Amino acid sequence: MQVGIVGKPNVGKSTFFSALTLAPAQIAAYPFTTIDANKGVGYVRVKCPHEILGAPCNPRNSVCENGIRFVPIEILDVAGLVPDAHKGRGLGNKFLDDLRQAHALIHVVDASGSTDFEGNPVAEGSHDPREDVSFLNKEISYWIYSILEKGFDKVARQAKVAGTKLEKLIHERLTGLMVTEAQILTALKKTELDPDPTKWSNEDLLKLGEEIQSLSKPMIISANKADIAQPPLIEKLMQSGEWVIPTSAEYELALRRATKSSLIDYIPGDDGFTITTSEKISEKQKSALNKIGLWLSSNRTTGVQNCLEKAVFEMLDLIVIYPVEDETKWTDKDGNILPDAYLMQRGCSARDLAYKVHTDFGENFIRAVDAKTHRTIGASHELQDGDVIKIVART
Ligand SMILES: Nc1nc2c(ncn2[C@@H]2O[C@H](COP(=O)(O)OP(=O)(O)OP(=O)(O)O)[C@@H](O)[C@H]2O)c(=O)[nH]1
Ligand SMILES: [Mg+2]
């Protein structure tokens, strides 16, 4: 699973990315600082089931702190996108190909309205951030359209003459784009285009591109720079759509760095922090942290972690599953308790988990055991959030 960070230049995408991953990324107050994509690992929080077992866990692919399991998810930060990128403006939309693997997108918007469409600094509040939301949607739809459009005549004829299912043919065209055949079928139904695809116009294909985009690359809006934005601008953004969260990537990054340097105790997503040391901390750091603390007291959280979690748990509807080898001790073969936590699609089956652990397990699946209830479950049994599962496979 991968979440991509998108937006026009100079809005704070790399700051947001660094805050989530603490991976190095160049950050600067001018457009096109990022050219090559940055890849890193972020984490989403869930309650760790080790408390049910009554023994501390030994996470391998994740982290557990105070009963909270941090489950990994890949994060991608790409170059800024400007209007008409699909016609080659700015850096063009070649780098959009970096987003092929993304299952969801976080669209970082400068909610303070202090950058124009190209990411150049302008007077604060002089740019309406709502316009950024519509142009970015359009650019991504055009990108999908441009992939669909190449050789579509042939696809349309094949569907008409050979009777091959259109969703299957389109799915083949969009290979690697993390689009499912079911999503394409839904998009086809929603657009209500002529049943004969040889009659479709370019506008029809674009309409289909838009539907496929909203289904396969759902987008959450980070109303960023909320620390300097005028509240009415944030309000307007919030009213423009359901998935908008005010964020301060800059503050979140400062808090995570201060935590890493052991200056403060802070759990990502928390509504506050405590200063742990008074010796190492400089006056400058102290006053910066005080400023952030004050801001948090009226805004609750920086919003960065919430954005990722809303994308993962609400928009993508993922659940967390813990595979184990020993169903009574909840351990792997080396005795590690609850070593791995995987994000999986809600509705997934025991066999899906087996495939995720190892292709051989999927292919040679015999049965599975629900380690919480000790019941044997079959290949098609639907897993539930927080399940601890042992897979039994032929060896
Ligand atoms: N006040 C404030 N400034 C921010 C915030 N997030 C980022 N910035 C600043 O915005 C500027 C751009 O940040 P970047 O993270 O480089 O932006 P980007 O979107 O990755 O830019 P490109 O790679 O050029 O597209 C930097 O000066 C950041 O310090 C925020 O939440 N609040
Ligand atoms: Mg950047």
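With positions in the sequence shown counted from 1, the corresponding number in the numbering used here is that position plus 402.
Glycine included, C-beta positions come from ideal geometry on N, C-alpha and C.
Just so we're clear, the structure is a prediction, and the values are computed from it rather than from any experiment.
> Any chance the CB of Asp479 is under 8 Å from a heavy atom of ligand 3?
Replying inline: Absence of ligand 3 from the depicted structure is noted, with ligand 1 and ligand 2 being the only ligands included.
>> Restricting to runs no shorter than 3 residues, where is the beta strand (DSSP E) found entirely within the stretch 662–743?
In response: Taking only runs of at least 3 residues, the beta strand (DSSP E) segments lying wholly in the stretch 662–743 are 720–726.
>> Any heavy atom of ligand 2 closer than 8 Å to the beta-carbon of Gln428?
In response: Numbered from its first residue, the sequence shown carries residue 428 at position 26. In this structure, Gln428 has its beta carbon less than 8 Å from a heavy atom of ligand 2.
> Counting only runs that start and end within the stretch 498–569, where is the beta strand (DSSP E) found for 3 or more residues in a row?
Replying inline: You should have 506–512.
> In angstroms, rounded to a whole number, what distance separates the CA positions of Gly456 and Ser650?
Replying inline: Numbered from its first residue, the sequence shown carries residue 456 at position 54. Numbered from its first residue, the sequence shown carries residue 650 at position 248. One C-alpha to the other measures close to 37 Å.
>> Can you check which of these residues, Lys601, Asn468, Glu613, Gly521, is closest to Ala430 by C-alpha distance?
In response: Here residue 430 refers to the residue found at position 28 when the sequence shown is read from its first residue. Answer by Cα proximity: Gly521.
> Does the Cβ-Cβ distance between Lys449 and Ile475 come in under 9 Å?
Replying inline: As a working mapping, residue 449 is identified with position 47 in the sequence shown. As a working mapping, residue 475 is identified with position 73 in the sequence shown. No, the pair does not count as a contact, with Cβ atoms beyond the cut-off.
>> Less than 9 Å between the beta carbons of Asp555 and Thr600, yes or no?
In response: In the sequence shown, the residue the question calls residue 555 occupies position 153. In the sequence shown, the residue the question calls residue 600 occupies position 198. Result yes, Cβ atoms of Asp555 and Thr600 sit closer than 9 Å.
>> Just to confirm the assignment, what range does the alpha helix (DSSP H) spanning Asn798 have?
In response: Lying before the first or after the last residue shown, residue 798 is absent from the chain, which here runs from 403 to 797.
>> Taking 8 Å as the cut-off, is the beta-carbon of Ile683 closer than that to any non-hydrogen atom of ligand 1?
In response: The residue labelled residue 683 in the question sits at position 281 within the sequence shown. Checking the Cβ of Ile683 against ligand 1 gives no.
> Under the DSSP definition of a beta bridge, which residues are partnered with Pro451?
Replying inline: Here residue 451 refers to the residue found at position 49 of the sequence shown. The partner list for Pro451 (beta bridge, DSSP) is empty, contrary to what the question assumes.
>> Quick check: Leu665 and Lys682, are their CB atoms within less than 9 Å of each other?
In response: Numbered from its first residue, the sequence shown carries residue 665 at position 263. Numbered from its first residue, the sequence shown carries residue 682 at position 280. The answer is yes: Cβ separation under 9 Å.
>> Suppose the cutoff is 7 Å on Cβ atoms and the five residues either side in sequence are ignored; what does the same chain contact list for Leu617 look like?
In response: One-based indexing of the sequence shown puts residue 617 at position 215. Around Leu617: Gln585, Thr588, Ala589.
>> Once the 5 residues before and after Thr436 are set aside, which same chain residues still bring their CB inside 8 Å of it?
In response: Position 34 of the sequence shown, counting from 1, holds the residue named residue 436. Excluding sequence neighbours, Thr436 sits near Lys415, Ser416, Ala427, Gln428, Asp479, Val480, Ala481, Gly482.
> With which residues is Phe472 paired in a DSSP beta bridge?
Replying inline: Your numbering for residue 472 matches position 70 in the sequence shown. DSSP output for Phe472 lists Arg447, Val465 as bridge partner(s).
>> Could you tell me the alpha carbon to alpha carbon distance between Ala625 and Leu610, rounded to whole angstroms?
In response: Position 223 of the sequence shown, counting from 1, holds the residue named residue 625. Position 208 of the sequence shown, counting from 1, holds the residue named residue 610. In a straight line, the C-alpha of Ala625 is about 28 Å away from that of Leu610.
> What is the rounded straight-line gap between the Cα of Arg753 and the Cα of Pro461?
Replying inline: To locate residue 753, count along the sequence shown from 1; it is residue 351. To locate residue 461, count along the sequence shown from 1; it is residue 59. Rounded to whole angstroms, Arg753 to Pro461 spans 23 Å at the Cα level.
> DSSP beta-bridge partners for Arg753?
Replying inline: Along the sequence shown, one-based indexing puts residue 753 at 351. None, per the DSSP bridge assignment.
> Would a C-beta distance cut-off of 9 Å place Val714 and Val465 closer than the cut-off?
Replying inline: In the sequence shown, residue 714 corresponds to position 312, counting from 1. In the sequence shown, residue 465 corresponds to position 63, counting from 1. Their beta carbons are not under 9 Å apart, which means Val714 does not touch Val465 by this criterion.
>> So the candidates are Glu569, Gly705, Glu533; which of them puts its Cα closest to the Cα of Leu639?
In response: Counting from 1 along the sequence shown, the entry for residue 639 is found at position 237. Selected option, being the one with the closest Cα: Glu533.
>> I'd like the span of the beta strand (DSSP E) that includes Pro648, first residue to last.
In response: Against the sequence shown, residue 648 aligns to sequence position 246. Taken as a continuous stretch (DSSP letters only), the beta strand (DSSP E) holding Pro648 covers 646–648.
> How should Val722 be labelled, buried or exposed, when 16 other C-beta atoms within 10 angstroms of its C-beta is the threshold for buried?
Replying inline: Translated into positions along the sequence shown, residue 722 becomes position 320. The residue in question, Val722, is buried, as its Cβ has 16 or more Cβ neighbours within 10 Å.
> Name the DSSP beta bridge partners of Val795, please?
Replying inline: Counting from 1 along the sequence shown, the entry for residue 795 is found at position 393. Note that residue 795 is Ala in the sequence shown here, rather than Val. Paired residue(s): Phe767.
> Cα-Cα, which of Pro597, Glu727, Gln786, Leu501 is closest to Glu569?
Replying inline: For the purposes of this step, residue 569 is identified with residue 167 of the sequence shown, where counting begins at 1. Cα-wise, what sits closest to Glu569 is Pro597.
> Should the stretch 773–788 be regarded as contacting the stretch 744–764, the criterion being three or more beta carbon pairs within less than 8 Å?
Replying inline: yes
> Among Ile614, Lys591, Ile454, Gly671, which residue has its Cα nearest to the Cα of Val706?
Replying inline: Here residue 706 refers to the residue found at position 304 of the sequence shown. The candidate whose alpha carbon is nearest that of Val706 is Gly671.
> Just to check, is the beta-carbon of Tyr547 closer than 8 Å to a non-hydrogen atom of ligand 1?
Replying inline: Start at 1 with the first residue of the sequence shown, and residue 547 comes out as number 145. Tyr547: no, Cβ never under 8 Å from ligand 1.
>> Helix, strand or coil for Ile572? Go by DSSP, reduced to three states.
In response: What you label residue 572 is simply residue 170 of the sequence shown in a count that begins at 1. In this structure, Ile572 counts as helix in the three-state DSSP scheme.
> Does the distance from the CB of Glu729 to the CB of His760 come in under 9 Å?
Replying inline: Translated into positions along the sequence shown, residue 729 becomes position 327. Translated into positions along the sequence shown, residue 760 becomes position 358. No, Cβ-Cβ distance for Glu729 and His760 is not below 9 Å.
> Alpha carbon to alpha carbon, how far is Leu696 from Asn738?
Replying inline: Counting from one through the sequence shown, the residue named residue 696 turns up at place 294. Counting from one through the sequence shown, the residue named residue 738 turns up at place 336. If I take the Cα positions, the gap works out to 41 Å.
> CB-CB under 7 Å to Asp530, same chain, minus the five flanking residues each way: which ones, in chain order?
Replying inline: Locating residue 530 in the sequence shown gives position 128, where the first residue counts as 1. Only Gly515 meet the Cβ criterion.
> Going by the CB atoms, is the gap between Ile622 and His505 shorter than 9 Å?
Replying inline: In the sequence shown, the residue the question calls residue 505 occupies position 103. In the sequence shown, the residue the question calls residue 622 occupies position 220. No, the Cβ-Cβ distance between His505 and Ile622 is not below 9 Å.
> Across which residues does DSSP place Thr778 in a beta bridge pair?
Replying inline: Here residue 778 corresponds to residue number 376 of the sequence shown, with the count starting at 1. According to DSSP, Thr778 bridges with Val771.
>> Quick check on DSSP: helix, strand or coil for Ala625?
In response: Within the sequence shown, the letter at position 223 stands for residue 625. Looking at Ala625 - three-state DSSP - the assignment turns out to be strand.
> Which partner residues of Glu784 appear in the DSSP bridge assignment?
Replying inline: For this step, residue 784 is matched to residue 382 along the sequence shown. The partner list for Glu784 (beta bridge, DSSP) reads Ser751.
>> Can you tell me whether Asp789 sits near ligand 1, meaning its C-beta is under 8 Å from at least one heavy atom of the ligand?
In response: If you number the sequence shown from 1, residue 789 lands on position 387. Every heavy atom of ligand 1 is 8 Å or more from the Cβ of Asp789, so no.
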